[in-house]
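**Student:** Residue numbers (the numbering used here), protein chains in the order written: chain A, 1396 to 1730; chain B, 1396 to 1730. Glycine included, every Cβ here is placed at the ideal spot set by N, Cα and C. Just so we're clear, the structure is a prediction, and the values are computed from it rather than from any experiment. Can you read through this structure? Questions will come right after.
Number of protein chains: 2
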Amino acid sequence: MKKIRVIIAGFGNVGRGVMASIANNPDMELAGIASRSPERVKKELGETVPVVALADVEKWSKTLSPDVVILCGGSKSDLPQQGPELCRYVNTVDSFDNHSRIPEYFKAMDEAAQKGGNVAVISTGWDPGIFSLERVLGNSFIPGARAYGFYGMGPAGGLSMGHSDALRTIKGVKDARQFTHAIPGAVEKVRKGENPALTAGDMHSREWFVVLEEGADPAEVTKAIVEMPGYFEPYDTTVNFISQEELDANYKGFPHDGIVITAGTTGTGEKHPALAEYRCVWGSNPEATANVLVAHARAAARMAQEGRKGAFTILDIPASYFSTLSREELLKNWM
Amino acid sequence: MKKIRVIIAGFGNVGRGVMASIANNPDMELAGIASRSPERVKKELGETVPVVALADVEKWSKTLSPDVVILCGGSKSDLPQQGPELCRYVNTVDSFDNHSRIPEYFKAMDEAAQKGGNVAVISTGWDPGIFSLERVLGNSFIPGARAYGFYGMGPAGGLSMGHSDALRTIKGVKDARQFTHAIPGAVEKVRKGENPALTAGDMHSREWFVVLEEGADPAEVTKAIVEMPGYFEPYDTTVNFISQEELDANYKGFPHDGIVITAGTTGTGEKHPALAEYRCVWGSNPEATANVLVAHARAAARMAQEGRKGAFTILDIPASYFSTLSREELLKNWM
């Protein structure tokens, strides 16, 4: 069978994860890497794979003939610009994760993909992505149930990459990690089917591990962190000042986990309890995201082959499209 | 907005659950009940809803003009016969749950639905149904991970309706319930990502609560139960002989629960752990199944409107089709 040719656009943590994932998916083939700094990537990877300049898409979309390009840039400035440019020329999959701007990004991608006659699967990974899917399934299968997402259920909590990046921009901070913790009492309330009104601060707390620059004042840094608009304000927070050695030894990875809970009742009269939970635990958040992106690349290739075009999310795609298994195999062994 | 008109075919526990669920879904309308014993159903429901004879489908498919008929008969003999007959005339949704015969049933339903120009969504509920979906998602998003289903995770276990029915056919048994228990050690092995080879008996044990007929011999009844072909043989079992009063007081409901676990690793090299779990807990198994059937009726109506025809499973249907929420609402608040 002809393999699905994938180009990775952007070679950071997620891009590296996609490369590893393609190697683990026998129906996939790495067709190349597109980067804003192709020289840096070439230095790292040598001659193992074609490396091209992201801006030359009109050219490499023909010479490398990818079936799908997986966009691994950031959601803040990379994707809003790169996404619509690229999906004019190629089918794309991305993990745009700025929840409040998804409608706007969807519109831009839909218009560009329609013009180009391509498929653009947006905003996938585990949240948005699998969690979006589970929220909608939960609400559909337990009528009236709200869907709640919690992150960092285990004692270690989950590493928030975005918040860690934000911490590192603060003056006096040499290095930092931010872990999110779910608040157990809130989880239990939701599981009981009470569908409670919960604020962000009711659901999660934050824990920082901060390495100070030499001579920086802990009190000043703490104040600067707490006052960052839109980041830490509503949350109970614990700050730990630690050495670079301790951070490197204990907090260098990208673990994350979360749970989507929908709960309510079935039927009428007696109102029997009904609960659906989806939980995931990832040793490496970017690698997990990469696996989900690659499964969506399979779906995008198939949808493109069927002549579909425009923007899609995980909510628009049947589960069988993510799978390598044949229809017969699915009916026989997976139903 | 025009409501989706649903006919319930078969008025047992699941059929009653569907009636309750339709009342909880504002976009749905009960168009009638089709039964092999319409007189019995009329006696129960009075004039509240049209009740018709199942066999008269050619007639009531016109007079009651349902958008979808939800088939609530049993999988052993009702559905294999009723399903193909009905989907010649109407769009159908069913919970055919004889896993090993799904390919064959799919084929029969697909042929009949294609001939009739209708949509037949088969084998949905929570297993097969949601669990099938979660197995395929888990395997797609964690490459190489097997998917395991466990039932009866809580101390009470899950009531197996099929096994309880089988117990009640045994001579000397007046009433009985069979509860399934997941074996915790097996669950933990799977969670570790070992993808172990497990037999049926490694994963679950069985517990029976049996009320004897007057004068029946417990030893003889136990022997007859253990020797029922294909039911209890590979499992560790506990038998409890109890009074009818105790059974009625403690074991009359239909609670069930289960979990789908897929676990493995992400990436290459370090092989970070990856775990996805879907868990559901239902106070009433037939009512939970009914809610899932009703969400699929929504999907079937939409697919029929789009001109699709033939048989489909949950694996062929995008999640947004199950939802009452608009595309805009989904993009804005559910991604």
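1. Per DSSP, what are the beta-bridge partners of residue 1657 (chain A) in this structure?
2. If you draw a straight line from the alpha carbon of residue 1579 (chain B) to that of residue 1552 (chain B), how long is it in whole angstroms?
3. With 8 Å as the threshold, decide whether the Cβ of residue 1463 (chain B) is near any Cβ in chain E.
4. Any idea if residue 1523 (chain A) is buried or exposed, counting beta-carbon neighbours within 10 angstroms, 16 or more meaning buried?
5. Can you find the residues in the same chain that come closer than 8 Å, C-beta to C-beta, to residue 1697 (chain B), ignoring five residues on each side of it along the sequence?
6. Hey, how far is the Cα of residue 1550 (chain A) from the Cα of residue 1651 (chain A)?
7. Say whether chain B places a C-beta atom closer than 8 Å to the C-beta of residue 1400 (chain A).
8. Counting Cβ pairs closer than 8 Å, one from the region 1399 to 1416 of chain A and one from the region 1460 to 1471 of chain A, do we hit at least three?
9. Could you give the distance in angstroms between the alpha-carbon of residue 1693 (chain A) and the alpha-carbon of residue 1488 (chain A)?
10. Quick one, are the C-beta atoms of residue 1545 (chain A) and residue 1598 (chain A) less than 8 Å apart?
11. Does any CB atom of chain B fall closer than 8 Å to the CB of residue 1726 (chain A)?
12. Taking residue 1528 (chain B) as the query, report the chain A residues whose CB atoms sit under 7 Å from its CB, ordered along the chain.
13. Going by the DSSP bridge assignment, what does residue 1573 (chain B) pair with across the sheet?
14. Quick check on DSSP: helix, strand or coil for residue 1737 (chain B)?
15. Taking Cβ-Cβ distances shorter than 7 Å, what residues in chain B pair up with residue 1537 (chain A)?
16. Which value, in whole angstroms, describes the spacing of the CA atoms of residue 1581 (chain B) and residue 1500 (chain B)?
17. Taking only beta-carbon positions, decide if residue 1403 (chain A) is within less than 8 Å of chain B.
18. Give a yes or no on whether the minimum CB-CB distance between residue 1497 (chain A) and chain B is below 8 Å.
19. For a test of the three-state rule: what should DSSP assign to residue 1451 (chain A), helix, strand or coil?
20. Can you pull the DSSP bridge partners for residue 1652 (chain A)?
21. Can you tell me whether residue 1428 (chain A) is helix, strand or coil according to DSSP?
22. Go through its chain and collect everything with a Cβ distance to residue 1570 (chain B)'s Cβ below 7 Å, but skip five positions before and after it.
23. How about residue 1545 (chain A): is its C-beta nearer than 8 Å to some C-beta of chain B?
24. Specify the secondary structure class of residue 1519 (chain B) as computed by DSSP and reduced to three states.
25. Which runs of the beta strand (DSSP E) spanning at least 3 residues fall entirely within the region 1462 to 1500 of chain B, listed in chain order?
26. DSSP beta-bridge partners for residue 1631 (chain B)?
27. For my contact list, residue 1444 (chain B) and residue 1459 (chain B) are in at a C-beta cut-off of 8 Å; report their separation, rounded to the angstrom.
28. What would DSSP say about residue 1619 (chain B), mapped onto helix, strand or coil?
29. Would you mind stating whether residue 1595 (chain A) and residue 1543 (chain A) have Cβ atoms separated by less than 8 Å?
30. Within the 8 Å Cβ cut-off, does residue 1711 (chain B) reach chain A?
31. Which residues in chain A have a C-beta closer than 8 Å to the C-beta of residue 1668 (chain B)? List them in chain order.
32. Going by the CB atoms, is the gap between residue 1662 (chain A) and residue 1415 (chain B) shorter than 8 Å?
33. Could you compute how far the alpha carbon of residue 1577 (chain B) sits from the alpha carbon of residue 1490 (chain B)?
34. Using a C-beta cutoff of 8 Å, does residue 1651 (chain B) count as contacting chain A?
35. In the DSSP output, what is residue 1436 (chain A) paired with across the bridge?
36. Mapping the DSSP letters down to three states, classify residue 1406 (chain B) as helix, strand or coil.
**Tutor:** So, from the listed chains and residues:
1. As a first step, residue 1657 (chain A) must be located in the first sequence, where it is residue number 262. Listed as beta-bridge partners of residue 1657 (chain A) by DSSP are A:1542 and A:1671.
2. Stepping through the second sequence from its first residue, residue 1579 (chain B) is reached at position 184. Stepping through the second sequence from its first residue, residue 1552 (chain B) is reached at position 157. If you take the alpha carbons of residue 1579 (chain B) and residue 1552 (chain B), they lie about 12 Å apart.
3. Note that chain E does not occur in the displayed structure, where the protein chains are A and B.
4. Mapped onto the first sequence, residue 1523 (chain A) falls at position 128. Classification of residue 1523 (chain A): buried, given that the 10 Å Cβ count is 16 or more.
5. In the second sequence, the residue the question calls residue 1697 (chain B) occupies position 302. So the qualifying residues of the chain are 1716.
6. Residue numbering aside, residue 1550 (chain A) sits at position 155 when the first sequence is read from its first letter. Residue numbering aside, residue 1651 (chain A) sits at position 256 when the first sequence is read from its first letter. Taking the straight line joining both Cα atoms gives about 11 Å.
7. The residue you call residue 1400 (chain A) lines up with position 5 of the first sequence. Interface criterion not met: the Cβ of residue 1400 (chain A) is under 8 Å from no Cβ in chain B.
8. The region 1399 to 1416 of chain A is in contact with the region 1460 to 1471 of chain A.
9. By one-based count along the first sequence, residue 1693 (chain A) stands at place 298. By one-based count along the first sequence, residue 1488 (chain A) stands at place 93. Computed Cα separation, rounded: 10 Å.
10. For the purposes of this step, residue 1545 (chain A) is taken as the residue at position 150 of the first sequence. For the purposes of this step, residue 1598 (chain A) is taken as the residue at position 203 of the first sequence. Result yes, Cβ atoms of residue 1545 (chain A) and residue 1598 (chain A) sit closer than 8 Å.
11. In the first sequence, counting from the first residue as 1, residue 1726 (chain A) sits at position 331. Taking Cβ atoms only, chain B reaches closer than 8 Å to residue 1726 (chain A), which makes this a yes.
12. If you number the second sequence from 1, residue 1528 (chain B) lands on position 133. By Cβ distance, chain A contributes 1714.
13. As a first step, residue 1573 (chain B) is located in the second sequence; it is residue number 178 there, counting from the start. DSSP output for residue 1573 (chain B) lists B:1603 as bridge partner(s).
14. This structure cannot settle anything about residue 1737 (chain B), because the visible part of chain B is limited to 1396 through 1730.
15. Taking the first sequence and counting its residues from 1, the one referred to as residue 1537 (chain A) is at position 142. Within 7 Å Cβ-Cβ: 1686.
16. Here residue 1581 (chain B) refers to the residue found at position 186 when the second sequence is read from its first residue. Here residue 1500 (chain B) refers to the residue found at position 105 when the second sequence is read from its first residue. Cα to Cα, the separation comes out at about 32 Å.
17. Start at 1 with the first residue of the first sequence, and residue 1403 (chain A) comes out as number 8. By this cut-off, residue 1403 (chain A) is not an interface position.
18. Locating residue 1497 (chain A) in the first sequence gives position 102, where the first residue counts as 1. Taking Cβ atoms only, chain B reaches closer than 8 Å to residue 1497 (chain A), which makes this a yes.
19. Translated into the one-based positions of the first sequence, residue 1451 (chain A) becomes position 56. Three-state DSSP puts residue 1451 (chain A) in a helix.
20. The count along the first sequence starts at 1 and reaches residue 1652 (chain A) at position 257. In DSSP, residue 1652 (chain A) forms a bridge with A:1676.
21. The residue you call residue 1428 (chain A) lines up with position 33 of the first sequence. Three-state result, residue 1428 (chain A): strand.
22. For the purposes of this step, residue 1570 (chain B) is taken as residue 175 along the second sequence, with counting starting at 1. Take residue 1570 (chain B), set aside five residues on each side of it, and the residues of its chain with a beta-carbon closer than 7 Å to its own are 1563, 1606, 1639 and 1642, in chain order.
23. One-based indexing of the first sequence puts residue 1545 (chain A) at position 150. False, the Cβ-Cβ gap to chain B never drops below 8 Å.
24. Against the second sequence, residue 1519 (chain B) aligns to sequence position 124. Residue state, collapsed to three classes: coil.
25. 1463 to 1466 and 1487 to 1489
26. Walking along the second sequence from the start, residue 1631 (chain B) turns up at place 236. According to DSSP, residue 1631 (chain B) bridges with B:1600.
27. Counting from one through the second sequence, the residue named residue 1444 (chain B) turns up at place 49. Counting from one through the second sequence, the residue named residue 1459 (chain B) turns up at place 64. No, residue 1444 (chain B) and residue 1459 (chain B) are not in contact; Cβ-Cβ is about 10 Å, not under 8 Å.
28. Looking up residue 1619 (chain B) in the second sequence gives position 224. Residue 1619 (chain B): helix per DSSP, three-state reduction.
29. The count along the first sequence starts at 1 and reaches residue 1595 (chain A) at position 200. The count along the first sequence starts at 1 and reaches residue 1543 (chain A) at position 148. In this structure, residue 1543 (chain A) does not lie closer than 8 Å to residue 1595 (chain A) by Cβ.
30. In the second sequence, counting from the first residue as 1, residue 1711 (chain B) sits at position 316. By this cut-off, residue 1711 (chain B) is an interface position.
31. Here the question's residue 1668 (chain B) lines up with position 273 in the second sequence. Near residue 1668 (chain B) (Cβ distances below 8 Å), the residues of chain A are 1676, 1677 and 1678.
32. Residue numbering aside, residue 1415 (chain B) sits at position 20 when the second sequence is read from its first letter. Residue numbering aside, residue 1662 (chain A) sits at position 267 when the first sequence is read from its first letter. Closer than 8 Å, so yes.
33. On the second sequence, residue 1577 (chain B) is found 182 positions in, with the first residue counted as 1. On the second sequence, residue 1490 (chain B) is found 95 positions in, with the first residue counted as 1. Near 23 Å, if we compare the C-alpha coordinates of residue 1490 (chain B) and residue 1577 (chain B).
34. Your numbering for residue 1651 (chain B) matches position 256 in the second sequence. No, no contact with chain A.
35. If you number the first sequence from 1, residue 1436 (chain A) lands on position 41. According to DSSP, residue 1436 (chain A) bridges with nothing at all.
36. In the second sequence, the residue the question calls residue 1406 (chain B) occupies position 11. It is coil, neither helix nor strand.
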